[in-house]
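Protein chains in written order, with our numbering: chain A, 1 to 159; chain B, 1 to 159.
There are 2 protein chains.
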Amino acid sequence: MSFVHLFRRYLREQGLPVTQQREAIAEVVFSSSEHLSVDDIETRLREQGERIGKATIYRTLETLVKSGLVEEHDFGEGFKRYEHLFGQKPVREHLICTECGKVVDMHSTELHRVQEEAARQQGFLPSRYRLQIYGLCAECRAAGAELRWEGLSCPIETI
Amino acid sequence: MSFVHLFRRYLREQGLPVTQQREAIAEVVFSSSEHLSVDDIETRLREQGERIGKATIYRTLETLVKSGLVEEHDFGEGFKRYEHLFGQKPVREHLICTECGKVVDMHSTELHRVQEEAARQQGFLPSRYRLQIYGLCAECRAAGAELRWEGLSCPIETI
DNA sequence: GTAATTGCAAAGGATTTGCAACAGT
DNA sequence: ACTGTTGCAAATCCTTTGCAATTAC
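If you want it as structure tokens, here you go:
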């Protein structure tokens, strides 16, 4: 069940084989509401008894992204994360806690509008965007964490 | 001449040696207004006769970023880019042309304000953010480029 | 002189690719 | 049958690290 049939349909439309591995990988990504790394996906597959090579996972994720059913994210961790796009409002903004690493999705219509406008003012025709806000989440603030600033506090003012 | 003396000052403050290599690397980064990759930097050093190992470039860039004089960017290309922060308004938004790859800096005060507000509404204390807008730049639009959409045009509507 | 940096080469981690065996249509 | 996928290992790319020789202070 779940949303795997959409991926199956996409594969058929494209004349690509519907394989057991592709279905298993899609199932894992579609049934999680988190941002999964390739290792996360491999682990979950292993937990449910599937033993699928990493190369296949990478290749299937590429197909899933092309299908438009899954989105790729880069939070600057040195590797990518993947997230399905079902039953969510379009999430394009991420709040990333620099203390605990938690990533919170959000979506602001106003933000979207202002961005669109700013890009067009530069003669740009925007198609997609990504916004990452780093800071402290509510929990870490409550736990007394402080923002850390490294290096000179504001070197630019000193020029 | 240039802004290298600021970096020198930072090094002295930190009790770190001021070396020929660090000065040459800083000079290259400070005298370019582009977003330089490590390879770009190595090439420019070589062009001006300096032969400095990649490890040293990486290590010096780390110091430059810590000093607050240089900022690190990740445009999802699989490697980092570096940009000095002199004589510019704070640039936190990048327009990235999906046709020619050009990156245009911008800064919108309104955008900044709206972002700040949206983050706080989620209980978040924002410290820094990055926004990347992908699309077509004015030149590529004039040259007749079209936005390319891969895969299903909008699979989410079909669920 | 002492402590830190340099440069090389090797290691590291994420991702990709080549290719023989295999599975989907 | 034919075409495309899988899985493994090797290769690749960017980046980091270990260590002996060198340089800054």
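Glycine included, each C-beta is placed from N, C-alpha and C at the ideal position.
| query | result |
| --- | --- |
| If I measure Cβ to Cβ from E197 (chain B) and keep anything under 7 Å in the same chain, skipping five residues before and after, which residues do I get? | Given a span of 1 to 159 for chain B in the structure shown, any question on residue 197 (chain B) remains unanswerable. |
| Classify S37 (chain A) as helix, strand or coil using the three-state DSSP reduction. | strand |
| Name the chain A residues whose beta carbon is nearer than 8 Å to that of G15 (chain B)? | Chain A residues near G15 (chain B): none, gap ~14 Å exceeds 8 Å. |
| Note down, in chain order, each residue of its chain lying with its Cβ closer than 7 Å to the Cβ of I159 (chain A), except the 5 sequence neighbours on either side. | Confidence is the limiting factor: at I159 (chain A) the pLDDT is only 33, short of 50, which leaves the residue's position unreliable, though a coordinate-based value still follows. Same-chain partners within the cutoff: there are none. |
| Check whether the Cβ of D39 (chain A) lies closer than 8 Å to any Cβ atom in chain B. | no |
| Keeping to the same chain, check which residues put their C-beta closer than 7 Å to that of R130 (chain B); ignore five residues upstream and five downstream. | R92 |
| Just to confirm my understanding: we take V28 (chain B), look at its own chain, exclude 5 residues before and 5 after, and list those with CB closer than 7 Å. What are they? | I41, R44, L45 |
| State whether the segment 98-109 of chain A contacts the segment 45-63 of chain A, with contact taken as three or more CB pairs (one from each stretch) at a distance under 8 Å. | no |
| What span of residues does the alpha helix (DSSP H) with C97 (chain B) cover, start to end? | From DSSP, C97 (chain B) is part of no alpha helix (DSSP H) but of the beta strand (DSSP E) over 93-97. |
| Using DSSP's beta-bridge definition, name the partner residues of D162 (chain B). | The shown model of chain B, from 1 to 159, leaves out residue 162 (chain B), and the question about it has no answer. |
| What residue range does the alpha helix (DSSP H) around V28 (chain A) cover? | 20-30 |
| So L125 (chain B) and E99 (chain B) are in contact, right, with Cβ under 8 Å, and what is the actual spacing, rounded? | The Cβ separation is near 38 Å, so there is no contact. |
| With DSSP as the reference, label L6 (chain A) as helix, strand or coil. | helix |
| With which residues is H73 (chain A) paired in a DSSP beta bridge? | A:R81 |
| Since I57 (chain A) and A119 (chain B) should fall inside the 8 Å C-beta cutoff, what is the C-beta to C-beta distance between them, to a whole number of angstroms? | Wrong, their Cβ atoms sit about 33 Å apart, outside the cutoff. |
| Using only the alpha-carbon positions, how far apart do Q14 (chain B) and V70 (chain B) sit? | 17 Å |
| CA-CA distance, G76 (chain A) and G78 (chain B)? | 10 Å |
| Does the beta carbon of R12 (chain A) come closer than 8 Å to any beta carbon on chain B? | no |
| Using only the alpha-carbon positions, how far apart do R141 (chain A) and R128 (chain B) sit? | 16 Å |
| May I ask you to list, following chain order, the residues of the segment 116-147 of chain A that have a beta carbon less than 8 Å from some beta carbon of chain B? | A118, A119, Q122, G123, F124, L125, P126, S127, R128, Y129, R130, L131, Q132, I133, Y134, G135, L136, C137, A138, R141, L147 |
| Taking Cβ-Cβ distances shorter than 8 Å, what residues in chain A pair up with V104 (chain B)? | Q122, F124 |
| Should E110 (chain B) be flagged as near chain A, meaning a C-beta pair shorter than 8 Å? | yes |
| Going by DSSP, what residues sit across from Q132 (chain A) in a beta bridge? | A:H94, B:R130 |
| At a Cβ cut of 7 Å, what residues of the segment 50-83 of chain A count as close to chain B, listed as they run along the chain? | K66, S67, G68, L69, D74, G76 |
| Taking only beta-carbon atoms, is V160 (chain A) less than 8 Å away from chain B? | Given a span of 1 to 159 for chain A in the structure shown, any question on residue 160 (chain A) remains unanswerable. |
| Is there a C-beta anywhere in chain B that falls below 8 Å from the one on L95 (chain A)? | yes |
| Which of helix, strand or coil does DSSP assign to L125 (chain A)? | strand |
| What number of angstroms, rounded off, separates the C-alpha of C97 (chain A) from the C-alpha of V114 (chain A)? | 24 Å |
| Just how far apart, CA to CA, sit H112 (chain B) and E117 (chain A)? | 13 Å |
| With C-beta atoms as the reference, is G123 (chain B) less than 8 Å away from A138 (chain A)? | yes |
| Would you say L152 (chain B) faces chain A, with C-beta separation under 8 Å as the test? | With a pLDDT of 35 at L152 (chain B), under the threshold of 50, the predicted position of this residue should be treated as unreliable, and no value is reported. |
| Taking E47 (chain A) as the reference, give the member of A:Q121, A:I25, A:H94 with the closest Cα. | A:I25 |
| Excluding the 5 residues preceding and the 5 following D74 (chain A) in the sequence, name in chain order all residues of the same chain whose CB lies nearer than 8 Å to its CB. | K80, R81 |
| Could you check whether the Cβ of T43 (chain B) sits closer than 8 Å to any Cβ belonging to chain A? | no |
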